[in-house]
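In the working numbering, the protein residues as written are 8 to 102.
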């Protein structure tokens, strides 16, 4: 069974799910290891152990929350790359 109660708050469960996933990345980076590999194995482990223990409403909310966070992160990267290209192209030419 489930060890804790979140009073059927799917957003709280989704937040904890994301925070624990990000914590594995931060821990690996702090130890000088690969955060990407840590995130990969964390995802494998969480799909096996955490997802079955989510409430029914959280099983719907977690993918939605993670998709929103992924879109926001991707948009941020593209905006920053676009600004960097713009700044590089608009530099004064020094010969």
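For each residue, glycine too, the CB sits at the ideal point set by N, CA and C.
Look at residue 89 here: in three-state DSSP terms it is helix.
Counting along the chain, residue 57 sits inside no alpha helix (DSSP H), nor does DSSP assign it H or E at all.
For the pair of segments examined, the segment 43 to 58 was found to touch the segment 18 to 29: the number of CB pairs separated by less than 8 Å reaches three. 9 Å or more divides the Cβ of residue 17 from the Cβ of residue 80.
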